[in-house]
Amino acid sequence: MLRYVLRRLVYTFATLAAVSVVAFLVIQLPPGDFLTSFSAKFAEQGGALDSDALTALKLRYGLDQPWYVQYWLWISGILFRGDFGESFEWNKPVSELMWDRFGMTVLLSGITLIVTWIVALPIGIYSAVRRYSWLDYVVTFLGFLGLAVPSFLLALALMYVFSRYFGMSVSGLFSPAYVNAEWSLAKVGDLAMHLWLPVFVLATHGTAALIRVMRANLIDELYKPYVQTARANGLGEMELLFKYPVRVALNPFISTIGWVLPNLVSGAIVTSVVMSLPTAGPLLLSALLAQDMYLAGSFILMLSALTVIGTLISDLLLAWLDPRVRYA
Amino acid sequence: MRPIPMLERMSALPVTAVAQPEPLVTVRDLKVQIGTDDGLVRAVDGVTFDVPRGRTLCLVGESGSGKSITGRALMNLLPPSGRIAAGRITYTDRAGEAIDIGALDPRGRQIRGLRGKDISLISQEPMAALSPVHTIGQQLVPVIRRHLGLSRREAEARAVEMLGRVGIPKPAERLGNYPFEFSGGMRQRVCIALALSCQPRLLIADEPTTALDVTTQANIIDLLQELQREYGLSILFITHDLGVVAEIADDVAVMYLGRIVERGTVDEIFADPRHPYTQALLKSVPRLGAGRHTRLAAIRGMVPSPFDRPAGCDFRPRCDLAIKGLCEIEDPGTITLGPRRDVRCVLQRTPSTDSVVTERSTSHA
Chain G
1 MLRYVLRRLV YTFATLAAVS VVAFLVIQLP PGDFLTSFSA KFAEQGGALD
51 SDALTALKLR YGLDQPWYVQ YWLWISGILF RGDFGESFEW NKPVSELMWD
101 RFGMTVLLSG ITLIVTWIVA LPIGIYSAVR RYSWLDYVVT FLGFLGLAVP
151 SFLLALALMY VFSRYFGMSV SGLFSPAYVN AEWSLAKVGD LAMHLWLPVF
201 VLATHGTAAL IRVMRANLID ELYKPYVQTA RANGLGEMEL LFKYPVRVAL
251 NPFISTIGWV LPNLVSGAIV TSVVMSLPTA GPLLLSALLA QDMYLAGSFI
301 LMLSALTVIG TLISDLLLAW LDPRVRYA
Chain F
329 MRPIPMLERM SALPVTAVAQ PEPLVTVRDL KVQIGTDDGL VRAVDGVTFD
379 VPRGRTLCLV GESGSGKSIT GRALMNLLPP SGRIAAGRIT YTDRAGEAID
429 IGALDPRGRQ IRGLRGKDIS LISQEPMAAL SPVHTIGQQL VPVIRRHLGL
479 SRREAEARAV EMLGRVGIPK PAERLGNYPF EFSGGMRQRV CIALALSCQP
529 RLLIADEPTT ALDVTTQANI IDLLQELQRE YGLSILFITH DLGVVAEIAD
579 DVAVMYLGRI VERGTVDEIF ADPRHPYTQA LLKSVPRLGA GRHTRLAAIR
629 GMVPSPFDRP AGCDFRPRCD LAIKGLCEIE DPGTITLGPR RDVRCVLQRT
679 PSTDSVVTER STSHA
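Protein sequences, first through last, are from chains G and F. First residue of the first sequence? That's 1 in my numbering, and the numbers climb one at a time after it. First residue of the second sequence? That's 329 in my numbering, and the numbers climb one at a time after it.
Laid out in structure tokens, this is it:
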């Protein structure tokens with residue numbers, strides 16, 4: 001087990017290093033840089049930047065250096081000083097902008113993940129054990145619906161219904177009074193009031209997918225000889241179900257930890273924009289549009305890091321749960 | 329397949345009627361139906377036999393003959409689509425009370441109290457018969473605790489003792505191992521230890537050696553025979569391998585298409601097979617010293633589909649001895665030749681043998 005953990009840790013660090021290079025290259029890929037779009041915007045508004053000012057800015061941000069020097073400046077700042085660089089667009093350190101958004105993203109993802117599990121696990125088990133019962137058909141139908149309807153559409157429809165007919169404030173995670181307030185019990189309460197709708201929208205897709213996975217996996221396990229052995233030894237149906245096949249079929253649940261984070265951030269950008277959620281997605285989008293290099297790069301790096309760490313956690317949990325993984 | 333000693337000495341054996349003790353299980357006219365997408369299959373269609381105490385009864389037959397389903401029915405452990413449609417399975421428990429197994433709720437407390445404690449099962453696939461994510465101990469100990477009411481420590485001691493008894497080296501250490509850390513033969517030994525851990529009185533062994541190599545097969549069979557002597561165990565051994573039958577059986581019942589076509593002691597079946605199907609099965613066994621140019625005999629044709637049973641005798645389309653105008657019309661019925669010997673074939677109906685013809689249902693659709 002220890003060897004397995006060590007090996008996974010080594011892989012994780014190697015992956016993280018590779019990811020940081022790729023993240024930096026990706027934000028360098030589009031033609032031009034922040035100054036190009038900055039001066040274009042400036043020109044649009046009637047002004048003009050002379051070339052001296054441009055050169056001065058270029059020098060200040062090291063934009064005249066080759067990419068690997070820029071990369072080194074960036075990554076060493078992060079590693080040694082926790083300095084993610086400056087956001088050009090906001091004129092603020094990236095770290096200041098980022099942590100708040102990340103906190104919200106992780107919170108929202110975590111709650112969504114837990115809701116997904118709590119809903120999908122019992123429904124998936126029921127669907128498998130009572131296969132082809134009318135309730136299984138209902139759940140299957142709803143599941144396919146949940147898979148097929150895009151989240152942002154669901155978000156729009158629900159927001160319309162709740163604000164039009166129930167007069168609720170449905171955008172964002174806070175009421176206007178609390179957005180810039182310090183953290184307090186009242187603010188947490190306000191958050192809870194706003195959280196359920198985005199969680200519902202964001203959890204729908206994952207829940208539907210996980211129900212299908214759980215159902216298929218459990219049906220595979222239910223008729224395996226070891227279940228028959230347990231039955232032949234006098235175990236009751238319920239006891240047997242949870243002790244053996246469900247336990248074996250649980251693996252995909254653990255694997256979801258790895259993909260739910262990136263899914264929430266990348267897949268749910270549109271939803272987050274629609275619902276104006278203060279998560280990482282919308283800010284990343286605007287940073288990319290503005291070619292705000294350090295902000296976008298830091299976001300991509302952090303998201304990738306979270307994904308890699310999520311995968312590591314799910315791998316370790318899997319190894320703990322399934323001895324065959326451990327010894328492989 | 330190994331050579332069969334009885335085949336080499338085909339002498340006429342004296343039919344001596346030994347006084348039999350009360351059988352442990354009696355099965356009378358058992359019918360099991362299985363619902364499939366194509367309709368109802370009569371997987372077991374009127375089967376009658378006894379499982380004697382402390383002896384081994386072999387159910388022999390091809391795939392699909394209903395032998396496994398018959399075995400499962402004895403524990404009332406049929407697949408969800410199957411049900412016992414008719415007949416009685418009577419088990420005499422330790423207190424001497426007769427229990428109608430088929431009448432019990434298959435999920436009920438009473439039958440669950442018998443499974444694993446009075447009647448145990450070992451199956452064909454030792455590789456898949458144990459949960460892959462639990463240690464041997466995690467699977468053995470709860471069963472022992474449940475049925476024998478022991479403490480954890482006592483149950484663990486019992487599990488170690490059982491593993492040692494079935495020939496697992498260092499049993500105390502291996503209790504913490506997972507199934508995939510055992511070889512196929514060792515895994516089947518673990519399954520046997522699990523099945524026998526609560527000292528059952530009947531062991532249903534459903535092709536326990538099929539997935540194993542020949543040397544391991546021999547070891548497992550020796551082990552089962554040893555344990556049978558030690559515990560006075562009755563065994564219902566299900567197999568298609570006549571070599572194994574010759575080695576382990578006291579009594580044999582040959583099944584074909586959900587019916588028992590011939591029943592007798594192992595010597596009677598091998599030395600004096602009466603049913604053309606049994607005769608053909610025995611002819612198809614390869615023999616030592618038969619010479620390399622001898623063609624291996626095979627039974628022509630295929631087992632008919634259960635949806636398309638032939639009229640009259642089930643075996644008629646493949647039978648070399650079929651009598652035109654009789655076999656395709658008339659169900660042969662069960663002809664009793666002795667106290668534990670009967671056969672379903674019109675050829676045995678000669679008036680010279682003092683036989684009692686019990687005509688049951690004629691002509692099946």
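Every residue, glycine too, gets a C-beta built ideally from N, C-alpha and C.
From the DSSP output, in three-state form, read off residue i for me.
i	result
S562(F)	strand
S87(G)	strand
G258(G)	helix
A485(F)	helix
Q641(F)	It should be pointed out that residue 641(F) corresponds to Cys in this sequence rather than to Gln. In this structure, C641(F) counts as coil in the three-state DSSP scheme.
F377(F)	strand
Y506(F)	coil
I765(F)	Lying outside 329 to 693, the shown extent of chain F, residue 765(F) is not represented and no answer is given.
R672(F)	coil
R646(F)	helix
G492(F)	helix
S448(F)	strand
I417(F)	strand
L665(F)	strand
L405(F)	coil
T567(F)	strand
R587(F)	strand
M1(G)	coil
E554(F)	helix
For a quick check, are the C-beta atoms of residue i and residue j less than 8 angstroms apart?
i	j	result
D378(F)	P407(F)	no
V170(G)	I111(G)	no
G363(F)	S393(F)	no
I651(F)	V631(F)	no
M302(G)	M98(G)	yes
V594(F)	V613(F)	no
V360(F)	I412(F)	yes
L173(G)	L195(G)	yes
E535(F)	I566(F)	yes
L63(G)	S39(G)	no
A431(F)	I397(F)	no
L540(F)	Q516(F)	yes
D421(F)	D446(F)	yes
P225(G)	A457(F)	yes
G374(F)	F635(F)	no
G465(F)	L405(F)	no
D659(F)	G640(F)	yes
From what residue to what residue does the beta strand (DSSP E) around residue i run?
i	result
L358(F)	353 to 364
W244(G)	Checking the sequence shown, residue 244(G) turns out to be Tyr, not Trp. No beta strand (DSSP E) contains Y244(G), which DSSP labels as neither H nor E.
C386(F)	384 to 388
A626(F)	Where A626(F) is concerned, there is no enclosing beta strand (DSSP E), given that its DSSP letter is neither H nor E.
I427(F)	426 to 428
On the DSSP bridge list, what partners appear for residue i?
i	result
G592(F)	V580(F)
D64(G)	According to DSSP, D64(G) bridges with nothing at all.
K92(G)	S87(G)
R443(F)	I447(F)
L368(F)	G363(F)
L153(G)	Looking at the DSSP assignment, L153(G) forms no beta bridge with any residue, so it has no partner.
L531(F)	S448(F), I563(F)
How would you write the range of the alpha helix (DSSP H) that residue i sits in, first residue to last?
i	result
T537(F)	Where T537(F) is concerned, there is no enclosing alpha helix (DSSP H), given that its DSSP letter is neither H nor E.
D190(G)	185 to 222
T463(F)	T463(F) -> no alpha helix (DSSP H), and no H or E assigned at all.
S272(G)	269 to 274
A431(F)	Careful: A431(F) lies outside any alpha helix (DSSP H) and carries neither H nor E.
K652(F)	No alpha helix (DSSP H) contains K652(F), which DSSP labels as neither H nor E.
C519(F)	512 to 524
Using a Cβ-Cβ cut-off of 8 angstroms, state whether residue i counts as contacting chain B.
i	result
H603(F)	The structure shown contains no chain B; its protein chains are G and F.
Note to self: I'd like to know if the segment 455 to 469 of chain F and the segment 541 to 560 of chain F are in contact, where contact means that at least 3 CB-CB pairs between them fall below 8 angstroms.
What the structure shows: Taking a cut-off of 8 angstroms for Cβ pairs, the segment 455 to 469 of chain F and the segment 541 to 560 of chain F do not touch, as fewer than three such pairs fall below it.
Note to self: Under 8 angstroms, with one C-beta from each stretch per pair, do the segment 551 to 568 of chain F and the segment 383 to 400 of chain F reach the 3-pair mark?
What the structure shows: When C-beta atoms of the segment 551 to 568 of chain F are compared with those of the segment 383 to 400 of chain F, three or more pairs fall below 8 angstroms, so the two segments count as touching.
Next item on the list: Evaluate the contact criterion for the segment 603 to 613 of chain F versus the segment 657 to 673 of chain F: three or more CB pairs, one atom per stretch, below 8 angstroms.
Entry: Yes, the segment 603 to 613 of chain F is in contact with the segment 657 to 673 of chain F.
Check: How about the segment 445 to 453 of chain F and the segment 207 to 222 of chain G: do they share at least three Cβ pairs that are nearer than 8 angstroms?
Finding: When C-beta atoms of the segment 445 to 453 of chain F are compared with those of the segment 207 to 222 of chain G, fewer than three pairs fall below 8 angstroms, so the two segments do not count as touching.
Check: Between the segment 513 to 526 of chain F and the segment 482 to 492 of chain F, do three or more beta carbon pairs fall short of 8 angstroms?
Finding: With a cut-off of 8 angstroms, the segment 482 to 492 of chain F and the segment 513 to 526 of chain F count as touching, because enough Cβ pairs lie within range.
Note to self: When you compare the segment 185 to 193 of chain G with the segment 301 to 315 of chain G, are there three or more beta-carbon pairs, one atom per stretch, that lie closer than 8 angstroms?
What the structure shows: The way I'd put it, the segment 185 to 193 of chain G doesn't touch the segment 301 to 315 of chain G; fewer than three beta-carbon pairs between them come closer than 8 angstroms.
Notebook entry, point to check: Is the segment 498 to 509 of chain F close to the segment 267 to 279 of chain G, with three or more CB pairs under 8 angstroms?
Noted result: No contact exists between the segment 498 to 509 of chain F and the segment 267 to 279 of chain G.
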